[in-house]
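As structure tokens, the structure follows; a few thoughts come after it.
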Amino acid sequence: MCGVFGVFDHKSAAYMTYLGLHALQHRGQESAGLAVSDGYDINLKLGNGLVTKAIKEEDIKELKGDIAIGHVRYSTAGGSNPKNIQPFFAHFYGGSFAIAHNGNLVNADEIRLELEKGGAIFRSTSDTEVFIHLIAKSKEPPPSHIMLHKNDTEFIPLVFNAMRKVKGAYSLVILRERQLIAVRDPHGFRPLVLGKNRSGSYFVASETCALDIVDAEYLRDINPGEVLVIDDAGLRSYYPFEHTEEPAKCIFEYVYFARPDSMIFQDWVYSIRKEMGKNLAKEYRVDADCVVPVLDSGLLAAKGYSEESGIPLEIGLIRNHYVGRSFIQPTQDIRDLSVKLKLNPVRDVVEGKRLIVIDDSLVRGTTSKKIINMLKRAGAKEVHLLISSPPVVGPCYYGIDTPTREELIANRMSVEEIRRFIGADSLYYLSLEGMLNAANKFKQKGFCTACFTENYPVL
Ligand code: AMP
């Protein structure tokens with residue numbers, strides 16, 4: 014769970030990146046960093062916590078240059094060690110570069126061991142560092158089907174080689190002294206978009222909401238398997254793999270992770286999320302007085318449910334915006350407390366009412382249990398919990414932070430057992446078809462559904 018951002022040819026590149034990272038804050042709250050190039054040197058600023066804490070406006074003034082990349086991180090691989098804050102920076106025989114990664118490699122441990130046996134020294138525990146070593150070590154010539162621009166003959170083949178060795182999910186931004194490079198894995202697990210502003214600066218970001226904040230227009234997605242090079246000679250696109258892979262876009266980005274004001278994988282998160290709620294109403298109709306979203310993640314599914322069923326939407330739970338996402342907390346007891354800090358029932362709305370409560374997903378079940386308890390204590394007559402995705406049964410190996418298989422409640426209990434555990438009057442999950450149809454209505458195909466089906470596209 015991370016967000017990446019890059020900018021080429023902007024006189025306030027560091028500041029643009031800082032803004033972009035703010036828009037991507039929901040993708041990672043543990044640390045943030047940026048790397049800026051003035052054409053000769055690359056300088057970095059890295060810090061723990063939210064973007065405002067990790068990077069100060071004074072730091073930005075010191076980071077001079079017109080090309081930059083940035084990263085917000087929540088640790089999926091490598092733990093929350095400060096050494097793992099990205100972007101990573103490296104000097105090697107071919108110059109220097111910085112790299113920021115969203116996704117997770119499935120064969121990083123293997124590669125790392127091999128490299129360490131060969132004498133490589135790692136400074137972090139992150140899978141991203143594997144890229145640095147693979148880039149710096151690679152020797153093979155570029156694939157014969159590719160004609161390289163003269164600016165790309167040295168570094169870009171190294172990136173191709175690294176891509177051929179790693180397996181898994183990676184949306185990358187790479188900064189060189191005079192180049193910005195965007196890379197997406199051949200399955201396209203994680204989103205990555207390209208934009209341009211009116212003065213001709215280029216931007217790369219995990220989501221389009223980060224383009225909006227810098228006044229850039231969305232141009233297109235970085236395609237699965239693509240290496241896009243941006244420099245003073247323009248834009249060049251390479252496809253180092255001769256064969257195309259089955260696309261495996263993360264459906265969970267639409268369910269929960271991406272911001273609803275973003276367009277990712279070429280469709281609006283807003284519409285798809287709302288459609289999931291409509292499908293939920295088509296599959297499971299409850300006689301109730303109002304539909305209550307678990308803010309913010311359940312809002313659009315609740316809106317869709319309400320529109321489809323004709324049952325009014327009421328904001329029966331108020332969200333405190335000054336605390337982070339409850340899930341993104343390292344230990345269970347802190348998570349437990351933060352649910353209460355985050356949501357509070359509106360007694361006026363819920364007292365004596367039969368409620369349909371809608372959330373986007375049920376993972377450990379702890380959030381829902383507390384919410385239902387709070388609503389009942391506030392006088393709700395019935396609480397029906399409807400989830401706008403299927404039961405989460407498998408951990409994600411591609412960059413979403415899901416707990417271990419044992420911690421996933423749907424692995425330990427049947428739907429009826431979960432209903433009893435969380436104290437709901439009824440519990441219903443959207444079917445897999447219902448979820449996929451919501452996205453397919455917008456002509457989407459080729460999703461990774463591993464967390465719901467355990468069909469892992471790459472292992
Ligand atoms: P729980 O069932 O208590 O584990 O938490 C479910 C809640 O966490 C739902 O409201 C989701 O919106 C949210 N959620 C689901 N997956 C994640 C995730 N990977 N990271 C952060 N929050 C999540």
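Going by the working numbering, the sequence shown runs without a break in its numbering and finishes at 472. Quick reminder that beta carbons are idealized off the backbone N, C-alpha and C, glycines included. All of these numbers come straight from a predicted model, not from anything done at the bench.
Per DSSP, the beta bridge partners of P358 are L330.
Under a 10 Å Cβ-count criterion, S427 is classified as exposed, with fewer than 16 other Cβ atoms of the shown protein chains found around its own Cβ. Excluding five sequence positions before and after G41, the CB atoms of its chain that fall closer than 7 Å to its own CB belong to M14, C15, G16, V85, R86 and Y87, given in chain order.
The alpha-carbon of D274 is positioned some 46 Å away from that of K130. Boundaries of the beta strand (DSSP E) around C15: C15 to F21. Contact check for E220 against R272 passes: the beta carbons are separated by less than 8 Å. DSSP assignment within the stretch 200-280 yields the following whole beta strand (DSSP E) runs of 3 residues or more, N-terminal first: 206-209, 215-218, 230-234, 240-244 and 247-251. Excluding residues up to 5 positions away in sequence, L398, V428, I431 and R432 lie with their Cβ nearer than 7 Å to the Cβ of L440 in the same chain. In this structure, F168 keeps its C-beta atom at 8 Å or more from the C-beta atom of E142. Of the residues assessed, K458 falls on the exposed side of the cut-off, its CB having fewer than 16 other CB atoms within 10 angstroms. By the C-beta density criterion, T166 is exposed, having fewer than 16 other C-beta atoms within 10 angstroms. Residue side-chain check: G378 places its Cβ nearer than 7 Å to a non-hydrogen atom of ligand 1. Taking A218 as reference, the option from R211, R233 and P170 with the minimal CA-CA separation is R233.
A103: member of the beta strand (DSSP E) spanning F101 to F105, first to last residue.
Going by C-alpha positions, F202 is about 33 Å away from E70. I385 and Y183 have their C-alpha atoms spaced approximately 37 Å apart. The way I'd put it, the stretch 287-297 does touch the stretch 437-452; three or more beta-carbon pairs between them come closer than 8 Å.
For the options P306, W281 and K366, the alpha carbon positioned closest to that of K456 is the one of W281.
A149 has no beta-bridge partner at all, per DSSP. In the DSSP annotation of this structure, the continuous segment of the alpha helix (DSSP H) that includes V282 starts and ends at V282 to E296. The criterion of a C-beta distance shorter than 8 Å is not satisfied by A175 and V186.
Beta bridge pairing from DSSP links N56 with V49. Here DSSP, grouped into helix, strand and coil, assigns V396 to strand. Around the beta carbon of R197, 16 or more other beta carbons lie within 10 angstroms, which makes this residue buried. Counting C-beta atoms within 10 angstroms of its own C-beta, M448 has 16 or more neighbours from the protein chains shown and is therefore classed as buried.
Per the coordinates, the alpha-carbon of N61 lies some 27 Å from the alpha-carbon of T379.
In the structure shown, the three-state DSSP call for Y31 is helix. In the DSSP assignment, R86 falls within the beta strand (DSSP E) that extends over I80 to R86. Look at L398: its beta carbon is at least 7 Å from all of the heavy atoms in ligand 1. P253 is the residue among D225, P253, I112 and G132 whose C-alpha sits nearest the C-alpha of K178. Assignment of R189 by DSSP, reduced to helix, strand and coil, places it in the strand class.
In this structure, L147 sits away from P155, with a CB-CB distance that is not shorter than 8 Å. In the structure shown, the three-state DSSP call for H114 is strand. Taking 8 Å as the cut-off, the Cβ atoms of N292 and A451 count as close.
For Y251, the closest of R367, V406, C263 and N236 by C-alpha to C-alpha distance is N236. Distances taken from the Cβ of L308 to the heavy atoms of ligand 1 include none shorter than 7 Å.
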